[in-house]
Each structure stands twice: as structure tokens, then as C-alpha cells.
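If you're matching positions, the sequence shown starts at 1 in full-length UniProt numbering and goes up one per residue. What follows is a short report on a single structure.
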Amino acid sequence: MVNADYLSRLHILSKLAALVVIGAGWLVLCGWWLDIPVLYRISPQLPQVEPTSAVAFMLTGLALLVLQPVSVSVTQLYAGRGLAVLGCVLGCMGLAEYFGWVHGDLIGTRLAQWLRIEVPGSNMSPHPALIFTLTNIALLLLSSNRALLVQIAQVSALLGGMALVSVFLGYAYQEDVFFRLFGEAGMALHSATAFAILGWGIVLARVEGSMLRVMAQDTAGGVVARRVISLIALFPFLLGWLPLVLATEAFTHKEVESVLATVLLLGSVVAVVRLAYRLDHQETQYRQAQEAARQHQSDLAHVARLNTMGEMASGLAHELNQPLAAIANYAAACQRLSQNGDSPERLAEPLASIQQQALRASQIIRRLRSFVRKQHPQKVQAPLDTLIRDALVLIKHQADRMQVPILLDVRKGLPPAWVDTIQIEQVILNIVQNALDAMKTTPSHQRQILIRAFMNPEHYFQIEIRDTGAGMDASLQATVFDAFVTTKGDGGMGIGLALCRSIIEAHGGQLWVESMQGQGTTFLFTLPAR
Numbered sequence: 001m002v003n004a005d006y007l008s009r010l011h012i013l014s015k016l017a018a019l020v021v022i023g024a025g026w027l028v029l030c031g032w033w034l035d036i037p038v039l040y041r042i043s044p045q046l047p048q049v050e051p052t053s054a055v056a057f058m059l060t061g062l063a064l065l066v067l068q069p070v071s072v073s074v075t076q077l078y079a080g081r082g083l084a085v086l087g088c089v090l091g092c093m094g095l096a097e098y099f100g101w102v103h104g105d106l107i108g109t110r111l112a113q114w115l116r117i118e119v120p121g122s123n124m125s126p127h128p129a130l131i132f133t134l135t136n137i138a139l140l141l142l143s144s145n146r147a148l149l150v151q152i153a154q155v156s157a158l159l160g161g162m163a164l165v166s167v168f169l170g171y172a173y174q175e176d177v178f179f180r181l182f183g184e185a186g187m188a189l190h191s192a193t194a195f196a197i198l199g200w201g202i203v204l205a206r207v208e209g210s211m212l213r214v215m216a217q218d219t220a221g222g223v224v225a226r227r228v229i230s231l232i233a234l235f236p237f238l239l240g241w242l243p244l245v246l247a248t249e250a251f252t253h254k255e256v257e258s259v260l261a262t263v264l265l266l267g268s269v270v271a272v273v274r275l276a277y278r279l280d281h282q283e284t285q286y287r288q289a290q291e292a293a294r295q296h297q298s299d300l301a302h303v304a305r306l307n308t309m310g311e312m313a314s315g316l317a318h319e320l321n322q323p324l325a326a327i328a329n330y331a332a333a334c335q336r337l338s339q340n341g342d343s344p345e346r347l348a349e350p351l352a353s354i355q356q357q358a359l360r361a362s363q364i365i366r367r368l369r370s371f372v373r374k375q376h377p378q379k380v381q382a383p384l385d386t387l388i389r390d391a392l393v394l395i396k397h398q399a400d401r402m403q404v405p406i407l408l409d410v411r412k413g414l415p416p417a418w419v420d421t422i423q424i425e426q427v428i429l430n431i432v433q434n435a436l437d438a439m440k441t442t443p444s445h446q447r448q449i450l451i452r453a454f455m456n457p458e459h460y461f462q463i464e465i466r467d468t469g470a471g472m473d474a475s476l477q478a479t480v481f482d483a484f485v486t487t488k489g490d491g492g493m494g495i496g497l498a499l500c501r502s503i504i505e506a507h508g509g510q511l512w513v514e515s516m517q518g519q520g521t522t523f524l525f526t527l528p529a530r
């Protein structure tokens, strides 16, 4: 998920890139006006930034600054596009002048005269002219705000940035061939730097819609992307600039280059180690949060089961009272037979009945204790038919008292499901309890609950619990799984179905509802077969 804070910071970096390029163009012009060669040419042996290129940088930077916001006014949109078109025109004219398609130095000379700059041969070099044209076309595509065109603009900017790496390396290792391709004409280091910054500015302007959107995400991948991409973007600049700036008579270019490469390598190692520790810390926090969430859900499930038992207390009391009353009756019969002096064989039948009823009561108590006992989730293999029947034991009396037959249709030959039996029984019991509540106003002869279990076409176990109640309207269906939504008034907590969905999703399945007014309701959930 995109983090709004990180996204805002990346957008600020895009604006900063535009301002830096505008400032770079202005500094170059100041260098020509004030006759400070270092501002437009680092040293006499290296290519210079022409006034025409400086003006084009300022136009392109302004266009990016105006078009960078996601939402711009109509005035801003047309102003930004106009600036981008002017940048394209300057680039195209520079190419046309270089290849002799128009009168040489036409644009450069006129612009130099207008700026009151005296510079011979002030036409734009072919490298900057081509990249100016492509960059401003990318800005025009960016202004469309159409996903495909924006992505094309971003990919073009990234490819341009990757191509400029060779220029930086050419300056770093003093290999003229990387920045001089056409005789004496070449790309100045200032220009390569400004173009690279412009490229990143275009990408970051709409980073949330690009292949680098992971940079704006608050995830481990986002942390890695921000750190690694920052290093990748920064290293070419440093390798291109620092050897030229730091080289002196005491330290040659090669010596500075070697020291710098060593420092950058060590810096990379430190950055990677810090990143590894941070990711490890984040993973530890994530695991702790997951464990806390599981514990919270377990506690909530325990409370919900206790609440369910509270709702079913009278039915369970009656269910236990039946075998206890039968035991008392059979014990009284045994006492009478013994007092009458009957043979021991006559006692065998009532004693066997006492044993049977005691086992029945014991089974009910055991199921009740295991259901309400607080325990950690534990998945085991369990047959679906046995799991469903065990859950229905706890609600059988309530269904009988309301004259609601519960029909069970489990497809034969189903393999065991790998589930936490108590949690799945809780889901079944909660849905059946809701079905009984929904049929309180239904005529007794129309009441029925049908439970089906089968393997669906997607090879998931599918369980359907269908009632013949009043059904739900669309608004209730949309919110029925939300926490604290209940139709039972003060008698409900509103967490049952929300918890059921959480349990099913934790098992890798889905829970949903299908219903129509007056035609009953069906709750359906799936469980993975493996």
C-alpha cells in the first residue's frame, strides 16, 4: 500500500529537481554574462554548455515544475505544455542547425544577441539537442495524465538516465569517446547532470503510477527500493564530478578516482549492512504484530464463544437435564427391584441405561468444555461430516424446541479437512444460531435449516447453511460482516459474523452471504482442500 507521507516526499523531490535544473540554467547564463568560464565549462579541455542549452534547461525545468502536481488548473496545463513545446522547438532547431538543414547558428546567434552574450559558434550540440527534444516530448506525455502515456514518458526518462551513465563514466575515467561522438562536439558534464535530474523529476512526478511505485510503499520492498535506487542515482554523479573537482597538482585525476571508488564501495557496504539490520528489525516487529493479532483474535473468539453459550444456556441446561433425569429414574427402578428381591439379571437393563445416559451427559459436557476452553489455534485433519455433527450437538435441543429440522447433506468420499476444529465449529454454530433467530417469526411448518458440504469446481470444500427465514435486504447484506452490526438489539454483541469471516479467511477460505427478502438466507464458506 502506498504511504502518503513517502509519496509526498517523492513529489517534493520532483519539484526540487525542476528547481535545480532551472537554477543550473541560470548559473550557466550568469557564467556567460560575467565571463566566469567555470560556470559553463569546467576546464578548457571539456565541452561547454551553450547559452541556447541554458535557456532550454530553464524552459524544461519550468515545464516540469508547472506540470508536476497531479491536479493542475487549465491555465497551468496549457502553460506547462507551452513551455514543453518551446523546449522541443529549441531542441529540434539545434539538431537542424547541426546537420545543416537550416542556416547555421541562426537560433544560437539570435538568442545570444538577445541575451547580450558574445560567444562564437553558440549553436547547440547534437547530444543535448536530441535529449531536449525527447525530454520535452516526455513532459507533454506526462501532462496527459493518461496511464499508458505517463508510463511511456517515465520509461523514456529512465532509459535516458541509464544512457547518461556512460557520459558520467566517460568523465570519471577520462574516456572522451563516451561524451564526444561527433568530432569536437560533445555533451558537457553540466548538461548530463541536468538531464539526469530532469529524468528523475519526470519519474517521481507520477511515481505512484510507475514501475518504481514500490518506492512510495511502507514495506520492506519500499525500504530497499528507496535505498538502492538512491545509491544507483547518486553514484554516477559523484564519479563524474568529484574527480574533476578534487583533482589538483598534488592528487592526479586517477588517484582521486581510485580513492573515490574505494570510499563509494565502503559506503555501499555500510548502507547495505544498515539496510539489512533495518529490514531484520521490521520483520521482527511484523512477526510480533502478527502474534499479537492472533492472540487478540483468539481472545475475541473465546469471548464470542462464551457469549454464544450464554445465549444457549437454557437449551443446554435442558439438554443436560434429560440424561440426568433418566439416570435418576433408572436408579430408582434399580432400588425398587433390589428391595423386591428380584434377581440380579433384572438389574442389568436399567444399569445399562444408566451407563448410556451418563455417557450422553458426559459427551455434552465434554463438547461444551472443549468449545468454551481458551486455547491456541491448532489445525488437525478432521472429516467434515463429523465436524458438523459435533457442532450441532450443542444446539440440537434449541432447534428441537423451535421445531426446526436440521437437514445434513454431506457429499460422500470427501477427504479430511485441515482445520482448527473448534474455530470451524464456532463458525457453524454461530451461523446456525443466527438462522434459528431469523426463523422466530416464520410459521413452524415452514422452518428448516439445510447444511450442505461438497467439493466445489475450484477444488475447495464448500459448506452452505440455508434457512427459510425472512431474508435480508441489500443494505444489511453489505454490512452484515462488519463488526458491531447486529439485528438482535441489546441481545447481540455484533462480533459473531465478523469473527467468523476472520476465522475462515485465516484458514485460506472465503465467507459470504446470499439472500432475498422473503426467501431465506444462505451463508456459504469455503476451506482449502490442502
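Heads up, the beta-carbon is just placed ideally off N, CA and C, and yes, glycines get one too.
By alpha-carbon positions, which one of the options ends up nearest to residue i?
| i | options | result |
| --- | --- | --- |
| Gly240 | Ser191, Arg278, Val513 | Ser191 |
| Gly520 | Gly508, Leu511, Ala498, Ala470 | Ala470 |
| Leu347 | Gln356, Gln335, Ala358 | Gln335 |
| Gly91 | Ser258, Ala292, Leu244, Leu59 | Leu59 |
| Leu225 | Ala276, Ile131, Thr252 | According to the sequence shown, residue 225 is Ala rather than Leu. Among Ala276, Ile131, Thr252, the Cα nearest to that of Ala225 is on Ala276. |
| Thr442 | Ala54, Thr468, Gly170 | Thr468 |
| Lys412 | Leu392, His445, Thr386 | Thr386 |
| Ile22 | Leu242, Phe57, Ser14, Val393 | Phe57 |
| Gly330 | Gln339, Val270, Arg501, Ser353 | Strictly speaking, residue 330 in this sequence is Tyr, with Gly absent from that position. Out of Gln339, Val270, Arg501, Ser353, Ser353 has the C-alpha closest to the C-alpha of Tyr330. |
| Trp26 | Gln45, Leu476, Ala54 | Ala54 |
| Leu260 | Glu425, Leu246, Val269 | Leu246 |
| Cys500 | Ser515, Asp482, Gln517, Met516 | Asp482 |
| Met402 | Val89, Lys254, Ser444, Ile424 | Ser444 |
| Leu242 | Gln174, Leu134, Ser73 | Gln174 |
| Asp218 | Ala4, Val269, Thr135 | Ala4 |
In or out: residue i buried (at least 16 other Cβ within 10 Å) or exposed?
| i | result |
| --- | --- |
| Ala438 | buried |
| Asn456 | exposed |
| Cys30 | exposed |
| Ala172 | buried |
| Glu50 | buried |
| Pro44 | exposed |
| Gly518 | exposed |
| Asp390 | buried |
| Ile12 | exposed |
| Glu425 | buried |
| Asn434 | buried |
| Thr479 | exposed |
| Glu257 | buried |
| Thr252 | exposed |
| Ser125 | buried |
Beta carbon of residue i, beta carbon of residue j: below 8 Å?
| i | j | result |
| --- | --- | --- |
| Gly87 | Ala18 | no |
| Leu67 | Leu148 | no |
| Gly80 | Val150 | no |
| Ala63 | Gly94 | no |
| Ile465 | Val432 | yes |
| Ala358 | Pro415 | no |
| Trp2 | Ala216 | Looking at the sequence provided, one finds Val at residue 2 rather than Trp. Yes, the pair counts as a contact, with Cβ atoms nearer than the cut-off. |
| Arg447 | Asp409 | no |
| Asn430 | Gly496 | yes |
| Ala220 | Leu265 | no |
| Gln477 | Ser515 | yes |
| Ala163 | Pro47 | no |
| Leu244 | Ile42 | yes |
| Tyr6 | Gly222 | yes |
| Ile388 | Ile327 | no |
| Arg227 | Ala271 | yes |
How close, in whole Å, do the beta carbons of residue i and residue j come, if the pair is a contact with beta carbons under 8 Å?
| i | j | result |
| --- | --- | --- |
| Tyr460 | Leu527 | 6 Å |
| Phe168 | Phe99 | Contact doesn't hold; Cβ gap of about 26 Å is too wide. |
| Leu142 | Ile197 | Actually they are not in contact, since the Cβ atoms of Leu142 and Ile197 sit about 15 Å apart, beyond 8 Å. |
| Leu407 | Leu450 | 5 Å |
| Gln290 | Arg206 | So it is not a contact: roughly 33 Å between Cβ atoms. |
| Phe195 | Ile131 | 5 Å |
| Tyr40 | Trp33 | Not confirmed; about 10 Å, so no contact. |
| Ala333 | Pro350 | 5 Å |
| Leu83 | Lys15 | The pair is not a contact, with the Cβ atoms about 15 Å apart (cut-off 8 Å). |
| Leu436 | Ala399 | 6 Å |
Beta-carbon of residue i versus every beta-carbon of chain D: anything under 8 Å?
| i | result |
| --- | --- |
| Ala506 | The chain inventory of the structure shown lacks chain D, comprising one protein chain alone. |
Worksheet item: Should the segment 148 to 163 be called in touch with the segment 222 to 232, which here means at least 3 C-beta pairs below 8 Å?
Response: no
Worksheet item: Quick check: the segment 377 to 397 against the segment 414 to 428, are there 3 or more CB pairs under 8 Å?
Response: yes
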